[in-house]
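Have a look at the structure below before the remarks.
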Amino acid sequence: MFQRSAWGWLSSYETFCFPAGEEKEMPKMNRREFLRYTGAAVACLTMPRLTMPDLPDEHPTPEAPPASLGRIATWWRQAVRSEPSPKAEWVVSKGRDEIIPLYSVVVGVPPWPNNPVWYQTDEGFIHSGYVQLVENTPSGEIVAEVAEPGFWSQVCVPIAEARWRPASRYVAYKLYYGTIYRVVGAVADDDGNWWYQLKEGITYSPGPYVPAWAVRRIPPEEMAPISPGHPDKWMEISIDAQTLTCFNGETAVFHTGIASGLSGTATPRGEHRVLYKRHTSRMTGGSGDGYYDLPGVAFPVYFTWSTVAIHGTYWHNDFVRRHSHGCVNVTNQAAQWIFRWAEPVAPYGECKVSAAPGEGTRIVVV
């Protein structure tokens, strides 16, 4: 039973990760009790998988998927198999940006340690690691008059196509579900279709346009601070367990899986402080095959001057395993909660807010 809930925590982050718009509390427990409790789950997630038995003849008990659709987030094709196992028959492959329906979540045989979660789709089973969870919920709201400094928006469809001019034939950028941008203007094209002009998250000056239905306005209450001014907020990031836990004093209030830095670009251990936060950032770096350009990265919270941050993720769904160039990857929902909770408080209209020396939330990386 407990192992089952651990798998559920891995796949949907619901055990200790609450929706960013809700201020719920976790069960009251001190740090020692919390770590003893979650340690069992982590042990379950991180034990060697070499001795895992073959699947029974019947499929594992399915659970409802955390989203109705998935987007293939990698440049290499992903296999859909007849069973939730990397050894099962290859039915078909799916390429980057294909959108697939998700019918259920099952625990199967992991293709690598720590992530045995598979999604059932219309043609079989696909491993969860590189399937971004998405919805197709076009916005019905049009803000025709955008007052300065604009408003924050989030892509609410699997893929939004941004163009340098409204109704242009040429796509400038693909913007992915859950990414964040500041809207600074609105214009209707010759056919009466509304377009929003974007700024932060993709450019530092007014930039490309996106169909207004492709993003939703984020109201200020969804970014309101959580327990502001608490005298002893701190975070513990465990590299070995690949988890992040937020504490108010000795009380654990939030817990989620992470993907920290790879061995060559490891997340720095030690004690840090939040230095500054942004509502969004366009992150670029690397070279050659390792080059990346990621617009709209959600809610980065920076804790080193070399720009290591905790932030949202849309290019993989493979947490509790190292993935990054040093940053701490979390889900977009988790990133928003952490952004709201961590000090300093970020006013809605600001893109960047810095902490006074020694006053940002303490972060302990172990």
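Numbering-wise (the numbering used here), the sequence shown opens with residue 1434 and increments by one.
Ideal Cβ positions, reconstructed from N, Cα and C, are used throughout, including at glycine.
Computed from a predicted model, the values in this text were never measured in an experiment.
(message) Restricting to runs no shorter than 4 residues, where is the alpha helix (DSSP H) found entirely within the region 1713-1780?
(response) 1765-1774
(request) Could you give the DSSP three-state label for Tyr-1552: helix, strand or coil? (result) strand
(message) Suppose contacts are defined by Cβ-Cβ distances below 8 Å. Is Asp-1665 in contact with Ile-1592 by that definition?
(response) no
(request) Confirm, please, whether the CB-CB distance from His-1688 to Thr-1700 is below 8 Å. (result) Not in contact: Thr-1700 and His-1688 (Cβ atoms no closer than 8 Å).
(request) Take Arg-1711 and list the residues in its own chain whose beta-carbon comes closer than 7 Å to its own, dropping the five residues that flank it on each side. (result) Pro-1733, Cys-1784 and Lys-1785
(request) To the nearest angstrom, report how far apart Ala-1647 and Tyr-1609 are at their CA atoms. (result) 10 Å
(message) Using only CA atoms, which one of Ala-1580, Pro-1582, Ile-1613 and Tyr-1603 lies nearest to Gln-1766?
(response) Ile-1613
(message) Does the region 1718-1733 come into contact with the region 1622-1640, if we say contact requires no fewer than three beta-carbon pairs (one atom in each stretch) closer than 8 Å?
(response) They touch, by the three-pair rule.
(request) Report all residues from its chain with a CB closer than 8 Å to the CB of Lys-1607; omit the five preceding and five following residues, and keep chain order. (result) Asp-1530, Ile-1592, Ala-1593, Glu-1594 and Ala-1595
(message) As a quick exercise: from Ala-1605, Arg-1754, Val-1799 and Lys-1527, pick the residue whose alpha carbon is nearest that of Gly-1703.
(response) Val-1799
(request) Taking Tyr-1724 as the reference, give the member of Ile-1743, His-1758, Val-1707 and Ser-1537 with the closest Cα. (result) His-1758
(message) Taking only three categories from DSSP, how would you classify Glu-1669?
(response) strand
(request) Sort Gly-1745, Arg-1715, Pro-1534 and Ala-1621 by Cα distance to Phe-1558 and report the nearest one. (result) Pro-1534
(request) Identify which residue in Cys-1760, Pro-1652 and Thr-1678 has its Cα closest to the Cα of Gly-1695. (result) In the sequence on display, residue 1695 carries Leu and not Gly. It is Cys-1760.
(message) Tell me the DSSP secondary structure of Thr-1636 in three-state form.
(response) coil
(message) Considering Cα atoms alone, identify which of Val-1564, Ile-1743 and Val-1778 is closest to Ala-1506.
(response) Val-1564
(request) Identify the continuous beta strand (DSSP E) that holds Lys-1520 and give its terminal residues. (result) That residue, Lys-1520, is in no beta strand (DSSP E); it is neither H nor E in DSSP.
(message) I need the straight-line Cα distance from Arg-1514 to Ser-1660, nearest angstrom please.
(response) 46 Å
(request) Would you tell me roughly how many angstroms separate the C-alpha atoms of Glu-1496 and Ala-1788, rounded to the nearest one? (result) 42 Å
(request) Inspect the beta-carbon positions of Asn-1416 and Gly-1562 and report whether they are closer than 8 Å. (result) Nothing about residue 1416 can be reported from this structure: the residues present for the chain run from 1434 to 1799 only.
(message) Give me the residue from Asn-1569, Trp-1508, Ala-1500 and Pro-1519 with the minimum Cα distance to Asp-1722.
(response) Trp-1508
(message) In the DSSP output, which residue or residues are listed as bridge partners for Glu-1496?
(response) Answer is Val-1538, bridged to Glu-1496.
(message) Let me check one thing: in DSSP terms, what residues is Val-1648 bridge-paired to?
(response) Bridge partners of Val-1648: Val-1588.
(message) Taking the beta carbon of Asn-1547 as the centre, do at least 16 other beta carbons fall within 10 Å, making it buried, or is it exposed?
(response) buried
(request) Would you mind sorting Glu-1669 into buried or exposed? The rule is 16 or more other CB atoms within 10 Å of its CB. (result) buried
(request) Please classify Ile-1575: is it buried, with 16 or more other beta-carbons within 10 angstroms of its beta-carbon, or exposed? (result) exposed
(message) With the cut-off set at 8 Å, would you say Ala-1619 and Tyr-1603 are in Cβ contact?
(response) In this structure, Ala-1619 keeps its C-beta atom at 8 Å or more from the C-beta atom of Tyr-1603.
(request) Within the same chain, show all residues whose beta-carbon is closer than 7 Å to that of Val-1525, passing over the 5 residues directly before and after it, in chain order. (result) Val-1513 and Glu-1556
(request) Would you kindly check if the distance between the Cβ of Pro-1639 and the Cβ of Asn-1626 is under 8 Å? (result) No, Cβ-Cβ distance for Asn-1626 and Pro-1639 is not below 8 Å.
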